[in-house]
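K.L.:
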Amino acid sequence: MERAKSPYSETMSTSSSRTKSKDKIEKQQHLKISDFALGKKLGEGKFGAVFVAQHRQSGFICAMKRIYRSSLDEKMMQQLVR
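Just so it is clear: in the sequence shown, position 68 is 1286 by this note's numbering, and no numbers are missing.
Below is the structure:
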């Protein structure tokens, strides 16, 4: 059974202050959205919504932006991912 394509970008960016947990996460080469548990929605804008997220393994808490694919082309998406 094929999984339905999400309207959100599969790329992600996290932002937070420096912590030991963040250092552990940065050592991982590839993070996946499934590595995080999404919490409360913090806000929404033209390109997507921002949520509190917690890294499942380390407990690191950050903000995660879920970007709407329909609002971006490939070039714009690459510029937004940091």
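No residue lacks a Cβ here, since even glycine has one placed at the ideal position from N, Cα and C. Since the structure is predicted, the reported quantities are computational estimates derived from the model, not experimental observations.
Identify the residues that DSSP records as bridge partners of LEU1256: which are they?
P.N.:
Indexing the sequence shown from 1 puts residue 1256 at position 38. Partner(s): ALA1271.
K.L.:
Hey, out of LYS1293, ARG1287, GLU1292 and GLN1296, whose CA is closest to LYS1264's CA?
P.N.:
One-based indexing of the sequence shown puts residue 1264 at position 46. Checking every option, the nearest Cα to that of LYS1264 belongs to ARG1287.
K.L.:
What separation, rounded to the nearest whole angstrom, lies between the Cα atoms of ILE1279 and GLY1257?
P.N.:
Translated into positions along the sequence shown, residue 1279 becomes position 61. Translated into positions along the sequence shown, residue 1257 becomes position 39. Taking the straight line from one Cα to the other gives about 10 Å.
K.L.:
Quick check: what's the CA-CA separation for GLN1296 versus LEU1290?
P.N.:
Within the sequence shown, residue 1296 is the residue found at index 78, counting from 1. Within the sequence shown, residue 1290 is the residue found at index 72, counting from 1. The straight-line gap from Cα to Cα measures roughly 10 Å.
K.L.:
For LYS1250 versus ALA1267, is the C-beta distance shorter than 9 Å?
P.N.:
As a first step, residue 1250 must be located in the sequence shown, where it is residue number 32. As a first step, residue 1267 must be located in the sequence shown, where it is residue number 49. It is not a contact, given that the beta carbons lie outside the stated cut-off.
K.L.:
Keeping to the same chain, check which residues put their C-beta closer than 7 Å to that of LYS1259; ignore five residues upstream and five downstream.
P.N.:
Numbered from its first residue, the sequence shown carries residue 1259 at position 41. Excluding sequence neighbours, LYS1259 sits near ALA1267 and PHE1269.
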